[in-house]
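Residue numbers are given in the working numbering: position 259 of the sequence shown equals residue 1501, and the series is strictly consecutive. Read the structure below first, then the notes.
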Amino acid sequence: MNMFRSISKNVSPRLLRWIPWGVTGFLLFAALLRFSEAALGSLPVILTKALDTLSNFSAVFLGIFVEAVPFLLLGTLASGIVEVFVSRDELMRWVPQQGIGSALAGSLMGLFFPVCECGVVPFTRRLVRKGLPLSAGISLLLAAPVVNPIVIASTLAAFGAGPVFWGRIIASLLIAFLTGLVFTLAQPQEVLRSAPVIALPPVILPLESPAQTPLSQRIRQVLILAADEFFEMGRFLVLGALLAAFMQTFIPQAGLLVLGQGPVLSVFVMIALAILLSVCSTVDAFIALAFTGTFTTGSILAFLVFGPMVDIKSTLMFLRVFKPRAVLYLILLPLLMTALWMVGVNLWGGWG
């Protein structure tokens, strides 16, 4: 109990003010979702349609938000563990510090961390500030949502060990690697925003004397860091989920699907759909499976490769961590590489 009281004291008051608003919002959305159908029969047509639209909006928002929250929590916990238990010397010993080796190591690190596009943002920021080379951090940021064990298993379950499964993994690793390689030309201070100040109890860090720090104090410090970072990044997850729900509710997706028949246009339609849906990478393979009868292999792969790297909610979290110019590169580089690769798959084959 004392541990959680300590956490509440150390979490920023400004962040804690979001809690009642979030709870109120949840209750309102749940109430609308639960009772709108009962009210539809006795209301005018216009109001009925408005309530139906609002009900759909709340359902989509809650679906996106509830799906993403556990992975954001997992990512912030991993971030706290890295800060408290992993020293800079250990990172520098295990990860190459320059060039190709650094970007390659970052793209492969995702194989060992079950974090999706929500949790990987705070996790990557913590690693880079801890001493991970920027190029490795960028590669990890883009690759981990696809090549982590949970997503690999879900893709295998949906598509089997066929061309889509291998195409997704190979394309994601290569695009993440190449993007990370571009960022070897930049310095962390040119890319990252300044980190928020987090009030911590006077606990000796592992860099100073890990053997003398009680485990209970180190666990408490992990929870304090994770809680503060969760509320910090959670604001942007809420905004991203609201925006994605708005776009799904008010932008007709049927029109996009009609446009997506050609080898070139279908790729861009599925990229747009991936951004629009903003679905978590742990389940997106099953959504993509529904389009396999009408869309090309390249467009399905575009959905599975680009969507976990960049969507609405992750873009807003990018803007909290990275400077605007860096975010522009983080969006455009994977977008161009994914589009060129998958259009090539449609035009010249290679998979499918």
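Heads up, the beta-carbon is just placed ideally off N, CA and C, and yes, glycines get one too.
Burial state of G1402 is exposed, judged by a 10 Å Cβ sphere holding fewer than 16 other Cβ atoms. Relative to the Cα of L1382, the nearest Cα in the group V1363, A1310 and I1306 belongs to V1363.
Taking 9 Å as the cut-off, the beta carbon of V1308 is found no closer than this to the beta carbon of A1486. In the structure shown, the three-state DSSP call for L1434 is strand. Distance check between L1572 and each of L1316, L1369 and G1379 places G1379 closest, using alpha-carbon atoms only. The Cβ atoms of T1421 and L1384 lie closer than 9 Å to each other. Nearest Cα to L1518 within the set V1552, V1525 and F1537: V1552.
Taking a contact as a CB-CB distance under 8 Å, the pair L1314 and F1472 counts as one, their CB atoms being some 7 Å apart. Rounded to whole angstroms, the gap between the alpha carbons of A1514 and L1376 is 28 Å. Using a Cβ distance threshold of 9 Å, A1516 and F1537 do not count as a contacting pair. In the three-state reduction of the DSSP assignment, F1537 falls in the coil class. Per the DSSP secondary-structure output, F1564 pairs in a beta bridge with L1434. For G1476 against L1558, the beta-carbon gap comes to about 11 Å, at or over 8 Å, which does not count as contact.
Under the three-state reduction of DSSP, G1343 is assigned to helix. Closest in alpha carbon position to C1360, among P1550, L1423, L1589 and V1506, is P1550.
If only complete runs of 4 or more residues are kept, the region 1341–1400 shows the alpha helix (DSSP H) at 1341–1351, 1362–1372 and 1376–1389, in order along the chain. Of K1555, L1296, I1392 and T1318, the smallest CA-CA separation from L1353 is found for I1392. Relative to the Cα of G1317, the nearest Cα in the group L1346, I1394 and T1366 belongs to T1366.
Note that the C-beta distance between S1523 and P1338 is not below 9 Å.
In terms of Cβ geometry, S1396 and A1544 do not form a close pair [threshold 9 Å]. The beta carbon of A1310 is closer than 8 Å to those of C1358, C1360, L1479, A1483, C1522 and K1555 in its chain, skipping five residues each way along the sequence.
Cα atoms of R1567 and L1575: separation of roughly 12 Å, rounded to the nearest angstrom.
Burial check for D1294: the Cβ neighbour count within 10 Å stays below 16, so the residue is exposed.
DSSP, reduced to helix, strand and coil, places I1493 outside both helices and strands of the structure shown, so it counts as coil. For the set I1323, S1520 and G1348, the Cα lying nearest the Cα of L1416 is the one of G1348. If you check the CB distance, L1434 and K1565 come in under 9 Å. In this structure, DSSP gives A1403 a state outside helix and strand, which the three-state scheme calls coil.
If you ignore the 5 residues before and after P1430, its C-beta comes within less than 7 Å of the C-beta of V1370 and L1376, all in its own chain and listed in chain order. Scanning its chain for C-beta atoms nearer than 6 Å, with the 5 sequence neighbours on each side dropped, one finds around M1579 the residues I1417, in chain order. Distances from the CA of Q1463 to each of I1306, E1325 and N1390 were compared; the closest alpha carbon is that of E1325. Contact between L1570 and P1505 is ruled out by a C-beta separation of about 28 Å, above the 8 Å threshold. In the three-state DSSP reduction, G1322 falls in the helix class (H, G or I). The three-state secondary structure of V1569, taken from DSSP, is helix. Excluding sequence positions up to five before and after V1389, its CB lies within less than 7 Å of the CB of G1352, L1353, I1411, S1414 and L1415, all in the same chain and listed in chain order. The Cβ atoms of I1306 and S1458 lie no closer than 9 Å to each other.
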